[in-house]
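The structure under discussion appears below in the form of structure tokens.
Number of protein chains: 2
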Amino acid sequence: MRTFAQIVAHYLRKQLCSHVLLTPTNLSRNKASISDLARQLGVSVSTVSRALSDKASISDATKKKVWKLAKELHYQPNHLAAGLRKGRSNLLGVMVPHIDGHFFTMVVKGIETVASKAGFNVMICQSNEDVAHERKNIETLLSAQVEGILVSLARTTRDFKHFEKVRKQEIPLVFFDRVLDGLDVSAVVIDDREGGYQATKHLIQQGYRRIAHFGGPQYLNIYKHRRQGYIDALLEAGLPVEEELVFYCDMTQEDGVRGMQQMLALRQRPDAVFSSSDFSVVGALQELKRHHLRVPTDIALVGFSNETFTSLTEPMLTSVDQRCEQMGQSAVRLFLEMRDETSSAFSPRRVVLQPDLLIRESSQRPGRRQ
Amino acid sequence: MRTFAQIVAHYLRKQLCSHVLLTPTNLSRNKASISDLARQLGVSVSTVSRALSDKASISDATKKKVWKLAKELHYQPNHLAAGLRKGRSNLLGVMVPHIDGHFFTMVVKGIETVASKAGFNVMICQSNEDVAHERKNIETLLSAQVEGILVSLARTTRDFKHFEKVRKQEIPLVFFDRVLDGLDVSAVVIDDREGGYQATKHLIQQGYRRIAHFGGPQYLNIYKHRRQGYIDALLEAGLPVEEELVFYCDMTQEDGVRGMQQMLALRQRPDAVFSSSDFSVVGALQELKRHHLRVPTDIALVGFSNETFTSLTEPMLTSVDQRCEQMGQSAVRLFLEMRDETSSAFSPRRVVLQPDLLIRESSQRPGRRQ
DNA sequence: GAAATCTATGCGTACGTTTGCGCAAATAGT
DNA sequence: ACTATTTGCGCAAACGTACGCATAGATTTC
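Which chain is which? The protein sequence lines are A and B, in order. Residue numbers for the first sequence follow full-length UniProt numbering, beginning at 1 and rising by one. Residue numbers for the second sequence follow full-length UniProt numbering, beginning at 1 and rising by one.
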């Protein structure tokens, strides 16, 4: 415990200093701070602060003066400081498995667009499909004091422990696309089942009867649901679900080639394929051309994701659009809602986007255009 | 000026308060701060701070205690506060014209990857190809106290005023891909001329003699340079540069269709096309197929950018790879170098990446494979 | 046995903002 | 002319962290 004399001495010293230096014009490298403005104008920092944020309690004359000098000195408000004081960083964290391909790119675009419109800056990170990275990134985002986290899970993520901290700190958490089922969290997803259903139903309507399916890893919900839609459509139409017509793979282009080879080797070939990914459709298409089979005359094709190239192939590929950009937008909106809510009643919402079947050449049976 | 009595009174009050409240365990919502740890452990904040950053001056016993409690309370360091104190935000700002398409996506991926490896968080924004947005974004990034800014210019950007502030604050500024010529700034670009040159030279080597060019807006350096490379290659081979073989457009797929129509209408058709964009190559390809002309037998095609779909078309398209990801990586590395430099000697560096011609089917004259 | 050197810790302050409270001066109400 | 009320501004306390400086005790040095 300091003695009374020490306290006094200290205070006198401080007064003295500030009197001697008087105008310690910021040496701290070419950055004007709010107190620099205050000093040069002979007003207090509070006045400057309030003037800059255009509060009513400051006279117009003073405001003008402050604004003028601020412009002259190229004053730049310090978000870190403001954030620290206000407890609001204006930062939104986003984590995706990776930033390539069409899907996540467009989601990020959607996120950035509406986030910045709402005055938020977005911080991006990639989990590289790896839980360890995911954990570390969450830590980083939390440290950065983001006001919300938007995340699409890595493939390998099974458990949820690393998100506990986020909830405990009552930071809005929104998942998109890749979600863990049965978890009580906010999320925006597309109705994958419906997508698979529509795609398959469309093929049936076009008169195709022996429809194959290329599916992805079934532990991923998106693929499971797309397959379910496929099955539902078949059953609804009274068509049999034959296991030999279903090919599971990792949905690459090469997988598509292999899948089609397998299909063509069957005694009874399919007359159409619904694939859970556009990439494997392209593979399939290439294999078909190699066999001089025509699409959609001999075999029809429908993909999923509406990748850029689907309208560039020949024939152009029918595909299910995932509304990527809208997904990003919805995710941000969900975050904003959660934030505005009385943080006590914290009911996770879930937004389900409807997929959009884009019918192109690869699935329209000639002479039967709908 | 406060009276001496006031000062003393204030100080006594303060002492009193802190004594009465003694343990004001943080009410501030479920976030443990460094001082919470300190209080619970009965040590000073400085000790905790030092323990957390594993300084040598703290005993192992104390460190252990601190770490243990930190874990228990889910302590989360506050980057804002640390940044404010240290004058280092660990934030890197990135501005791109937009985040769709292949190119910028991959650049961003590259940036994020090496930035996060260097301990930086990246803040993304889009200028939407608009100077006004660009200006506003720069302000935002500066306010966020980013330690560096990586930017690819909007198309319409002609002047440089809004970047002055950045330089004045001595914040490392690195341009990539879209740069203003003759400006003394750090930048990483690819050698577009070389790309155009190699592409054209390759066509010549394959035996094509009447080579057309689809070019983009010439006020954009990238397109100007690619065209220059095209011309250089022709001249080098002693071939004439004919204006009727050059088609200027915005490089969309539809432009490609139109361009090819124009070429096919010529009395003397070209036998190859080098396009500054893959998209217009696809358009050209479609138009050719419509006319039942074969690629590359009748007309060869070479594009630029190595878009995803170039290896999915039929025939697969030869294209110039821009090393997008590497460009992002280089940009970050350049930033890191600039930062480490004695900020006095501040010599702008420029990195020129070599493009990579990827020879695929669309340009290999049959029976003449190299 | 006193002086020098470590070792481990505490104190105070600064980083740049925002904001509740207080207080004068100017204006309004009676 | 004498209280109320407004208007305009200042004071100082936060926000959470980092770090220079001081210091008490333990250990070594001569």
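Each residue gets a CB set at the ideal place from its N, CA and C atoms; glycine is no exception.
Given a cut-off of 8 Å, decide if residue j and residue i are closer than it, judged by their beta-carbon atoms.
i: A:L220; j: A:L150; result: no
i: A:M316; j: A:R360; result: yes
i: B:A154; j: B:P77; result: no
i: A:I34; j: A:G328; result: no
i: A:T252; j: A:S280; result: yes
i: A:L353; j: A:V188; result: yes
i: A:A144; j: B:H79; result: yes
i: B:D271; j: B:R210; result: yes
i: B:R178; j: B:S152; result: yes
i: B:Y197; j: B:A237; result: no
i: B:L264; j: B:E244; result: no
i: A:V185; j: A:H213; result: no
i: B:L334; j: B:V351; result: yes
i: B:S362; j: B:V320; result: no
i: A:F274; j: A:T156; result: no
i: A:P172; j: A:R339; result: yes
Using 8 Å for Cβ pairs, my map puts residue i next to residue j. What's the rounded Cβ distance?
i: B:A331; j: B:V174; result: 5 Å
i: A:G215; j: A:F304; result: So it is not a contact: roughly 10 Å between Cβ atoms.
i: A:D356; j: A:R323; result: 6 Å
i: B:D192; j: B:I222; result: 5 Å
i: B:L358; j: B:T318; result: 6 Å
i: A:L69; j: A:L37; result: 6 Å
i: A:L203; j: A:A300; result: 6 Å
i: A:V94; j: A:I124; result: 5 Å
i: B:Q261; j: B:E287; result: 6 Å
i: A:I138; j: A:H162; result: 5 Å
i: A:F57; j: A:R50; result: Position check: residue 57 of chain A holds Ser in this sequence, whereas Phe was assumed. 6 Å between Cβ atoms; contact.
Any idea if residue i is buried or exposed, counting beta-carbon neighbours within 10 angstroms, 16 or more meaning buried?
i: A:G229; result: buried
i: A:Q218; result: exposed
i: B:V108; result: buried
i: A:R349; result: exposed
i: A:Q206; result: buried
i: A:P24; result: Here the model assigns A:P24 a pLDDT of 42, short of 50, so the residue's position is not dependable and the matter cannot be decided.
i: B:N26; result: Note on B:N26: pLDDT 41, under 50, position unreliable in the model; the coordinate value appears next. Under this definition B:N26 is an exposed residue.
i: B:T308; result: buried
i: A:K168; result: exposed
i: A:F160; result: exposed
i: B:L235; result: exposed
i: A:G148; result: buried
i: B:V241; result: exposed
i: A:S44; result: exposed
i: B:T140; result: buried
i: residue 392 of chain A; result: Outside the displayed range of chain A (1 to 370) lies residue 392 of chain A, so it cannot be described from this structure.
i: A:R158; result: exposed
i: B:G119; result: exposed
i: B:P366; result: exposed
i: B:G87; result: exposed
i: A:L183; result: exposed
i: B:A115; result: buried
Which residues mark the beginning and the end of the alpha helix (DSSP H) in which residue i is found?
i: B:F160; result: Unbroken run through B:F160: none, as it is neither H nor E.
i: A:Q178; result: Residue identity differs from the one stated: residue 178 of chain A is Arg in this sequence, not Gln. Careful: A:R178 lies outside any alpha helix (DSSP H) and carries neither H nor E.
i: B:N221; result: N221 to E236
i: A:I111; result: H102 to K117
i: B:N128; result: Taken as a continuous stretch (DSSP letters only), B:N128 belongs to no alpha helix (DSSP H), as it is neither H nor E.
Could you spell out where the beta strand (DSSP E) holding residue i opens and where it closes?
i: A:L150; result: I149 to V151
i: B:G93; result: L91 to V96
i: A:S186; result: S186 to I190
i: B:A212; result: I211 to G215
i: B:D321; result: T318 to D321
i: B:L245; result: Taken as a continuous stretch (DSSP letters only), B:L245 belongs to no beta strand (DSSP E), as it is neither H nor E.
i: B:L334; result: Per DSSP, B:L334 belongs to no beta strand (DSSP E); it is in the alpha helix (DSSP H), C324 to D340.
At a cut-off of 7 Å, is residue i close to the ligand MN when judged by its beta-carbon and the heavy atoms of the ligand?
i: B:L293; result: Here there are no bound small molecules, and the ligand MN is not part of this structure.
### Task
Would you list, in sequence order, the uninterrupted alpha helix (DSSP H) runs of no fewer than 4 residues that lie entirely inside the segment 249-316 of chain A?
If only uninterrupted alpha helix (DSSP H) runs of at least 4 residues are considered, those enclosed by the segment 249-316 of chain A are 253-264 and 278-290.
### Message
Ignoring anything shorter than 4 residues, give me the alpha helix (DSSP H) runs that lie fully in the UniProt domain "HTH cro/C1-type" (33-80) of chain A, in order along the chain.
### Response
As far as the UniProt domain "HTH cro/C1-type" (33-80) of chain A is concerned, its whole alpha helix (DSSP H) runs of at least 4 residues are 34-41, 45-52 and 60-72.
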